[in-house]
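Visitor: Mind having a look at this structure? Questions to follow.
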Ligand SMILES: O=C(O)c1ccccc1N[C@@H]1O[C@H](COP(=O)(O)O)[C@@H](O)[C@H]1O
């Protein structure tokens, strides 16, 4: 079971999270006033410099501007680009353009799932079909009605929807949305994913420093719970 941890904002958090056994390190970048925790491209590059080659460097952007995305990638150089903005804002053809400009870049496309809405009234399965030819991973994440972006809600959704998406595609799927050491085993049992992702529930309740937000004891407990599930 692959374990992906967000948001890494400092080298210190990256080291702690890697020592805790995470397989993927998630860094959101390209400053956006709505997300003060996101790093500049230069800061993200510096965090990634200390990541060993057996840990995957995941760079998250909510940008919808393909030229800007390509320009930023030339600085940040992640192994995987995680597209977590409005899915309809970047068409599969545009993702092909991004891949053409960046050798060996892998794509993690976020697939939005709304809480409390049945699968037949959601577009998640259609999106998975539409984006599977350009995606190396899917990140199935909770979407809030009031936000354009996908994720960072701290809220769970129905894991049977993840199961349906996972069973519909050959693309490796990582599940996200309010996952913690307490609920991750149940989410894995229901959906049988390739990997699991956590942000909010592995943070300190009250971080003392805006760059050091990961609580090592929560990260360790999450990794252990996922690996033992
Ligand atoms: O991490 C962010 O700042 C972010 C911003 C905008 C969209 C998505 C973002 N993060 C992704 O959301 C998941 C789930 O978060 P949570 O555990 O439910 O709080 C996070 O791990 C990232 O993949």
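In the working numbering, the protein residues as written are 4 to 232. Idealized CB from N, CA, C, for every residue including glycine. As the structure is a computational prediction, the values presented were derived from the model and not from experiment.
1) Is residue 194 near ligand 1, with its Cβ less than 7 angstroms from a heavy atom?
2) What does the Cβ neighbour count give for residue 119, buried or exposed, with the cut at 16 atoms within 10 Å?
3) At a cut of 8 angstroms, does the segment 211-218 reach the segment 169-185 through at least three beta carbon pairs?
4) Taking the alpha carbon of residue 83 as the reference point, which residue from 55, 29 and 221 has its own alpha carbon closest?
5) What do you reckon, are the CB atoms on residue 6 and residue 229 nearer than 8 angstroms?
6) Cα separation between residue 25 and residue 227?
7) Taking 7 angstroms as the cut-off, does the CB of residue 27 come closer than this to any heavy atom belonging to ligand 1?
8) Do residue 65 and residue 88 count as a contact pair if the criterion is CB distance below 8 angstroms?
9) Which partner residues does residue 184 have in the DSSP bridge list?
10) Suppose only complete runs of 3+ residues qualify. What are the beta strand (DSSP E) ranges in the segment 17-81, listed by chain order?
11) For residue 111, count the other beta carbons within 10 Å of its own beta carbon; 16 or more makes it buried, fewer makes it exposed. Which is it?
12) Please classify residue 206 as buried or exposed, where buried requires at least 16 neighbouring CB atoms within 10 angstroms.
13) Put residue 86 into one of helix, strand or coil per three-state DSSP.
14) Is any non-hydrogen atom of ligand 1 found closer than 7 angstroms to the C-beta of residue 178, if you look at the structure I gave you?
15) Going straight from the alpha carbon of residue 148 to that of residue 117, what length do you get?
16) Given the structure, does residue 191 come close to ligand 1, in the sense that its CB is under 7 angstroms from one of the ligand's heavy atoms?
17) What's the gap between the Cα of residue 109 and the Cα of residue 127?
18) Could you tell me the alpha carbon to alpha carbon distance between residue 166 and residue 91, rounded to whole angstroms?
Guide: Taking the coordinates as given:
1) No; taking the cut-off as 7 angstroms, the Cβ of residue 194 has no heavy atom of ligand 1 nearer than that.
2) Under the 10 Å beta carbon count, residue 119 is surrounded by fewer than 16 other beta carbons and is classified as exposed.
3) Fewer than three pairs of CB atoms, one per stretch, sit closer than 8 angstroms, so the segment 211-218 makes no contact with the segment 169-185.
4) For the residues 55, 29 and 221, the minimum Cα distance to residue 83 belongs to 29.
5) The beta carbons of residue 6 and residue 229 sit closer together than 8 angstroms.
6) Approximately 10 angstroms, taken between the alpha carbons.
7) No, Cβ of residue 27 sits at least 7 angstroms from all heavy atoms of ligand 1.
8) Yes, these two residues count as a Cβ contact at 8 angstroms.
9) BP columns for residue 184 are empty, so no partner.
10) Within the segment 17-81, the complete beta strand (DSSP E) segments at least 3 residues long are 27-31 and 59-64, listed from N- to C-terminus.
11) It is buried - the Cβ of residue 111 has at least 16 other Cβ atoms within 10 Å.
12) Around the beta carbon of residue 206, 16 or more other beta carbons sit within 10 angstroms, so the residue counts as buried.
13) Residue 86 sits in a strand when the DSSP states are folded into three classes.
14) Shortest gap from the CB of residue 178 to any heavy atom of ligand 1: 7 angstroms or more.
15) When rounded, the separation of the alpha-carbon atoms in residue 148 and residue 117 is 7 angstroms.
16) No - ligand 1 has no heavy atom lying nearer than 7 angstroms to the Cβ of residue 191.
17) When rounded, the distance between both Cα atoms is 21 angstroms.
18) Residue 166 and residue 91: Cα-Cα distance of roughly 23 angstroms.
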